[in-house]
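Engineer: Numbering (our numbering), first residue to last: 1104 to 1276.
#1: Would residue 1129 be called buried (16 or more neighbouring beta carbons within 10 Å of its own) or exposed?
#2: So the beta strand (DSSP E) residue 1215 belongs to, where does it begin and stop?
#3: Here's a check: name, in chain order, each residue in its chain whose Cβ is nearer than 8 Å to the Cβ of residue 1240, leaving out the five neighbours to either side.
#4: Give the DSSP-derived three-state secondary structure of residue 1210 in the structure shown.
#5: Take residue 1106 and list the residues in its own chain whose beta-carbon comes closer than 7 Å to its own, dropping the five residues that flank it on each side.
#6: Report, in whole angstroms, the separation of the C-beta atoms of residue 1156 and residue 1141, which I expect to be a contact under 8 Å.
#7: For the beta strand (DSSP E) holding residue 1144, just list the boundary residues, first then last.
#8: Using the Cβ count rule (16 or more neighbours within 10 Å means buried), how would you classify residue 1134?
#9: Who are the near neighbours of residue 1224 in its chain, counting only those whose CB is closer than 7 Å to its CB and skipping five residues on each side?
#10: Can you tell me where the beta strand (DSSP E) holding residue 1198 begins and where it ends?
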């Protein structure tokens, strides 16, 4: 345990003590960590249909490696790996031309993903963006359908926590 608790190992990893004592002897046999690193789709009866696993982290590592698991910027590269990773926090669902999309905001990495979830058991990423530095930390997302949009095109409204800004993005297929 002493080795694991060193900062360079798992020392900063946030864990729970409410689970993990599998044999009831008072010590922890398994470690359960907190973390929101994925998105899941569940059926109406509570069955897990899909979980994105480590897809967000893999995509960010490949496409934007300088901010991989950063806490808001390049200066804090990989600062979140032992916490909650990119921390998917914001979600909006929308329908465009009969297809259902999930827009997912990563609070810490300042990224927004778009997934086609029309077939819930087989979602696929269709978009990824990193907003400009003028907008940081997507906290709330709202999909605006083309019929409700002032431009006649689907929009995604995004509220950013750190910068206190709101942005509108036109959604393209």
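Positions of the beta carbon are idealized from the N, C-alpha and C atoms, including for glycine. Remember, it's a predicted structure, so these values are computed and weren't measured experimentally.
Structural biologist: So, from the data block:
#1: For this step, residue 1129 is matched to residue 26 along the chain shown. Residue 1129 comes out exposed.
#2: As a position in the chain shown, residue 1215 is number 112, starting the count at 1. Counting along the chain, the beta strand (DSSP E) containing residue 1215 begins and ends at 1214-1219.
#3: By one-based count along the chain shown, residue 1240 stands at place 137. Answer for residue 1240: 1175, 1210, 1211, 1213, 1263, 1264, 1265 and 1266, listed in chain order.
#4: Against the chain shown, residue 1210 aligns to sequence position 107. In this structure, residue 1210 counts as coil in the three-state DSSP scheme.
#5: Looking up residue 1106 in the chain shown gives position 3. Within the same chain, residue 1106 has close Cβ partners 1112.
#6: In the chain shown, residue 1156 corresponds to position 53, counting from 1. In the chain shown, residue 1141 corresponds to position 38, counting from 1. So it is a contact: roughly 5 Å between Cβ atoms.
#7: Residue 1144 sits at position 41 when you count from the first residue of the chain shown. Segment 1143-1145, the beta strand (DSSP E) holding residue 1144.
#8: On the chain shown, position 31 is the one that residue 1134 refers to. The residue is exposed, with fewer than 16 neighbouring Cβ atoms inside 10 Å.
#9: As a position in the chain shown, residue 1224 is number 121, starting the count at 1. Correct list, in chain order: 1152 and 1153.
#10: If you number the chain shown from 1, residue 1198 lands on position 95. 1191-1199 is the span of the beta strand (DSSP E), which, as asked, contains residue 1198.
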